[in-house]
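Encoded as structure tokens, the structure appears first; notes follow it.
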Amino acid sequence: MIKIKDFRMDEVRVTRRMIDGAPVAHVVIDRREKLNALDSDLTTRLTTVLNELSDDREIRAVVLEGAGGKAWVGGADINEMAGLDVGNATAFIENLHHAMVAVRDFPVPVIASLDGYCLGAGMELAAACDMRLASTKAHFGMPETQVGLVSVIEASLLPGLMGRGRAARLVLTGEVINALRAYEWGFVEELVEPDRLVAAVDAVLGNLCRAGPNAVRAQKRLLREWETLTPDDGALAGVPYFERGYETGEPQEMLARFAKRPKS
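Take the sequence shown: its letter number 3 is residue 385 in our numbering, and every next letter is one higher.
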């Protein structure tokens with residue numbers, strides 16, 4: 383078992399803390415002088431950190447944050463993109479996709495704690511997370527068409543999160559929306575004042591840490607399967623997960639404890 387302790391890689395740092403007696407990890411992207419824009423080196427480091435952290439069987443959740451307060455992730459690095467050509471554009475965008483797959487395939491829930499600008503690749507990275515909590519000063523957009531590009535990779539998740547028409551409006555026009563509209567459109571699950579964002583994230587972490595750890599990991603895998611299944615196939619896909627849950631002994635223990643709780 384690999385246990386990742388607090389550490390810092392260039393522009394990415396990880397800290398661990400305890401919530402209700404269970405460890406959670408905070409992964410912070412810190413390239414604040416560039417609004418946390420993702421260039422190829424930072425993207426590779428983020429993927430490496432997530433893949434290594436995924437081997438830690440003890441952690442119960444990950445919070446993904448951007449440093450500096452002005453941006454969560456302000457997008458892909460514009461200067462690097464300006465220098466791309468037909469020969470290296472595919473490698474650049476696939477590198478970004480690998481980081482987002484590392485989030486989507488991460489074995490425990492990943493929460494995006496969104497503060498400041500979340501644009502382009504940043505909005506796609508947020509879409510790859512399991513939950514999105516935002517402060518009222520966050521802004522969201524997919525500005526690629528405004529610079530002659532197409533929104534690709536995890537932009538494909540946007541129609542499922544906010545509806546096709548709203549996703550189409552963002553990726554076709556390139557407009558930037560405020561946090562309230564992102565919440566009303568369903569991209570953000572919770573919207574709070576900036577000074578309440580940490581407490582809101584901690585409330586979600588508390589619920590996750592009180593849940594059965596095996597159940598949460600299994601549920602994350604099943605959610606990923608549901609992405610490619612019809613509702614009927616998805617319903618049947620869950621049956622083996624239900625059965626395997628009893629092999630861990632977790633339901634028996636937790637149900638018995640629940641049954642013994644004092645009746646109010």
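C-beta atoms are modelled at their ideal positions from N, C-alpha and C, and glycine is treated no differently.
All figures in this text were calculated on a predicted structure; none of them were measured in a lab.
- At least three beta-carbon pairs within less than 8 Å, the segment 533–551 to the segment 595–606: no
- So who's on the other strand from L637, going by DSSP bridges? Position 255 of the sequence shown, counted from the start, is the residue given in the question as residue 637. L637 pairs with nothing; no bridge assigned.
- Determine which residues share a DSSP beta bridge with L531 and list them. Your numbering for residue 531 matches position 149 in the sequence shown. Answer is none; L531 lacks a bridge partner.
- Task: Could you please give the first and the last residue of the uninterrupted beta strand (DSSP E) stretch that includes T397?
- Result: For the purposes of this step, residue 397 is taken as residue 15 along the sequence shown, with counting starting at 1. Looking at the DSSP string, the run of the beta strand (DSSP E) that includes T397 is V394 to I401.
- Query: From D614 to G594, what does the alpha carbon distance come to, in whole angstroms?
  - Reply: Taking the sequence shown and counting its residues from 1, one reaches residue 614 at position 232. Taking the sequence shown and counting its residues from 1, one reaches residue 594 at position 212. Approximately 26 Å between the Cα atoms of the pair.
- Query: Run through DSSP, which three-state label would S538 get?
  - Reply: Looking up residue 538 in the sequence shown gives position 156. Three-state result, S538: helix.
- Task: Report back the beta-carbon spacing between A464 and L420 to the nearest angstrom; my notes put them in contact at under 8 Å.
- Result: For this step, residue 464 is matched to residue 82 along the sequence shown. For this step, residue 420 is matched to residue 38 along the sequence shown. Not a contact, Cβ separation roughly 15 Å.
- Item | V394 vs L428 beta-carbon contact at 7 Å | Numbered from 1 along the sequence shown, position 12 holds the residue referred to as residue 394. Numbered from 1 along the sequence shown, position 46 holds the residue referred to as residue 428. A contact, by the Cβ cut-off of 7 Å.
- Query: Would a C-beta distance cut-off of 7 Å place P491 and A443 closer than the cut-off?
  - Reply: Mapped onto the sequence shown, residue 491 falls at position 109. Mapped onto the sequence shown, residue 443 falls at position 61. In this structure, A443 lies closer than 7 Å to P491 by Cβ.
- Using the DSSP secondary-structure output, state which residues sit across from H479 in a beta bridge. Against the sequence shown, residue 479 aligns to sequence position 97. Here H479 is not bridged, per DSSP, to any residue.
- Item | Short Cβ contact (7 Å threshold) for N418 with A453 | Here residue 418 corresponds to residue number 36 of the sequence shown, with the count starting at 1. Here residue 453 corresponds to residue number 71 of the sequence shown, with the count starting at 1. Against a cut-off of 7 Å, the Cβ pair of A453 and N418 comes out as a contact.
- From this set, G498, K519 and V558, which residue's C-alpha is nearest E526's C-alpha? Here residue 526 refers to the residue found at position 144 of the sequence shown. It is V558 whose Cα lies nearest to the Cα of E526.
- Query: What number of angstroms, rounded off, separates the C-alpha of A407 from the C-alpha of C591?
  - Reply: Mapped onto the sequence shown, residue 407 falls at position 25. Mapped onto the sequence shown, residue 591 falls at position 209. Taking the straight line from one Cα to the other gives about 12 Å.
- State the DSSP-derived secondary structure class of M391, mapped to helix, strand or coil. For the purposes of this step, residue 391 is taken as the residue at position 9 of the sequence shown. Correct three-state label for M391: strand.
- For V431, I'd like the list of residues in its chain whose CB is within less than 8 Å of its CB, leaving aside the five on either flank, ordered along the chain. Mapped onto the sequence shown, residue 431 falls at position 49. Excluding residues within five positions, the ones whose Cβ falls inside 8 Å are M391, V394, V396 and V409.
- Item | C-alpha gap between L587 and V468, whole angstroms | Position 205 of the sequence shown, counted from the start, is the residue given in the question as residue 587. Position 86 of the sequence shown, counted from the start, is the residue given in the question as residue 468. Each residue's alpha carbon lies about 43 Å from the other.
- Span separating the alpha-carbon of F640 from that of L605: Position 258 of the sequence shown, counting from 1, holds the residue named residue 640. Position 223 of the sequence shown, counting from 1, holds the residue named residue 605. Rounded to whole angstroms, F640 to L605 spans 25 Å at the Cα level.
- Task: Express the C-alpha separation of R486 and I493 in angstroms, rounding to a whole number.
- Result: In the sequence shown, residue 493 corresponds to position 111, counting from 1. In the sequence shown, residue 486 corresponds to position 104, counting from 1. Straight-line Cα distance between these residues: approximately 11 Å.
- Query: Taking 7 Å as the CB-CB limit, is V410 close to chain B?
  - Reply: Included in the structure is just one protein chain, with no chain B present.
- Query: Would DSSP call G627 helix, strand or coil?
  - Reply: Here the question's residue 627 lines up with position 245 in the sequence shown. Secondary structure of G627 (DSSP, three-state): helix.
- Which of helix, strand or coil does DSSP assign to E609? To locate residue 609, count along the sequence shown from 1; it is residue 227. Coil, per DSSP.
- Any chance you could list the alpha helix (DSSP H) runs of at least 4 consecutive residues sitting entirely within the segment 550–593, in chain order? The qualifying runs are 561–566 and 579–592.
- Query: Under the DSSP definition of a beta bridge, which residues are partnered with R695?
  - Reply: Past the boundaries of the shown model lies residue 695; the chain is included only from 383 to 646, so the question cannot be answered.
- Query: K602: which of A585, T425 and C511 sits nearest, CA to CA?
  - Reply: Along the sequence shown, read from residue 1 onward, the residue named residue 602 stands at position 220. Closest by alpha carbon: C511.
- Query: Start and end of the beta strand (DSSP E) containing L417?
  - Reply: Locating residue 417 in the sequence shown gives position 35, where the first residue counts as 1. From DSSP, L417 is part of no beta strand (DSSP E); its letter is neither H nor E.
- Item | First and last residue of the uninterrupted beta strand (DSSP E) at A453 | As a first step, residue 453 is located in the sequence shown; it is residue number 71 there, counting from the start. Segment A453 to V455, the beta strand (DSSP E) holding A453.
- Which residue's Cα is closest to the Cα of A537: L552, F624 and N470? Sequence index remark: in the sequence shown, residue 537 carries index 155 (1-based). Distance check between A537 and each of L552, F624 and N470 places L552 closest, using alpha-carbon atoms only.
- Got a sec, what are the start and stop residues for the alpha helix (DSSP H) E526 sits in? Against the sequence shown, residue 526 aligns to sequence position 144. Unbroken run through E526: none, as it is neither H nor E.
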